[in-house]
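Quick notes on the structure that follows.
Residue numbers (this note's numbering): 3 to 495.
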């Protein structure tokens, strides 16, 4: 995310920019009127007096007169009054650009607005009058102002879980499933873990919304699609057979392409076409040789390590989530709407990167990404509030991201992805992820600092339910109601 410690200048043409030969050194006698026009948004009306405008004209024309070519005079020898008369309109664009840049710099120095995005300023619409002052208006999004939360007096729960034999048994089965055969299920009915092929019909109060034909998915406790979720699907479909139809309620997320359906409950009809199940391979010498393990003990030891790392990751994520939730609850403040809409795409990208770096399985990552997409607006609001709160704490604690921190992070990513640090570094630069990476590092360092002060209470860990994810969406945006709030990103948080 572009947080803009300095007020950014408006877009000025290359021609105007290249013609700015002299910068205004004298401070302008500005008349500035500032008013609040929304959450974290200020409206500025700025007046530059005629005396400052004329002074800048004289400076610009004075420079031009040294090289001006006028018939009847040698270069640089024409009378100043003649130069001013002949070239005044020609340098007007240069004068306006120079005054605007000087004005924006002075506004930042004198008023400390703390902008977080480029000012909304139409340069072409600003007039440079022949007589009288130069006036322009603009809106600026600024950092939210809020009191520092009491981050040193928190108590948090730290969910822990010891790896049991039953957990390893379940992990062994999951490992076997990677090498299993998907075979038709001719007898019996659907059970959790079976693969169901069905036609899906999405509707609301009997009105059709969308259809998805011959969709295959694994029957788990929850089914997620691109704009919502069907909770407790196992209770609906367990026991179903081909040829039967079952109906379930689905919850549409806040980022549905149809604004009218966001947060609504709809119905999904499952017309069952086919059932399949997994035929697991035997745990024999051939299987261990095929998968690179010596024997069952070797496999179980490796899977125990996987589980221990997973539980630790889940513990850290739970502590982090509770910590940030308490900081947000203690520090209410509004966010500028424009920033939120611009930031949704980069928030999804950043959170997806967090998931991949957390060592989650592809299935878990896919399920979480579907949840993030369906609720991108709320996720963005929370992510931005986390950013501003942690940035303020980092400033108080004098926490900064050093070059060494970036190198360590790149090397860690390289180790996880089995790539060279040079290749990771090149990808970060090519995809413009340096700011995202720096923000992640600052956030982690700040959270680590906060955790030095908080009290942790160990509690039993409650594991997440199994989730299946579809690429289909339950809804499509009606014509004229498409809101593309994720393609105008200004950067990363």
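We put the CB at the ideal spot given by N, CA and C, even for glycine.
Query, Result
"Residue 427 vs residue 410 beta-carbon contact at 8 Å", "no"
"Rounded separation between residue 185 and residue 272 - CA only", "21 Å"
"Rounded straight-line distance, which links the Cα of residue 306 to that of residue 190", "34 Å"
"Contacts around residue 240, its chain only, beta-carbon distance under 8 Å, and the 5 residues preceding and following it disregarded", "191, 192, 193, 194, 221"
"Residue 128 to residue 62 span [Cα, whole Å]", "19 Å"
"Boundaries of the beta strand (DSSP E) in which residue 35 is found, first to last residue", "33-40"
"Buried/exposed call for residue 226, threshold 16 Cβ in 10 Å", "buried"
"Buried or exposed (CB count within 10 angstroms, at least 16 for buried), residue 476", "buried"
"Where residue 262 sits in the DSSP three-state scheme", "helix"
"Cβ-based burial, residue 153 [other Cβ within 10 Å; buried from 16]", "buried"
"Helix, strand or coil at residue 163 according to DSSP, with G and I counted as helix", "coil"
"Meets three-Cβ-pair contact criterion under 8 Å: the segment 308-321 and the segment 151-167", "yes"
"Under the three-state DSSP convention, the category residue 457 falls into", "strand"
"Which listed residue (405, 399, 339, 436) has its alpha carbon closest to that of residue 118", "339"
"Cβ pair residue 433, residue 392 closer than 8 Å", "no"
"Residue from 379, 101, 59, 321 with nearest C-alpha to residue 450", "321"
"Beta-carbon proximity check, residue 294 vs residue 255, cutoff 8 Å", "no"
"Backbone secondary structure at residue 476 - three-state DSSP", "coil"
"Residue range of the unbroken beta strand (DSSP E) whose run includes residue 413", "Not the beta strand (DSSP E): residue 413 falls in the alpha helix (DSSP H), residues 405-419."
"Local conformation of residue 97 per DSSP, three classes", "helix"
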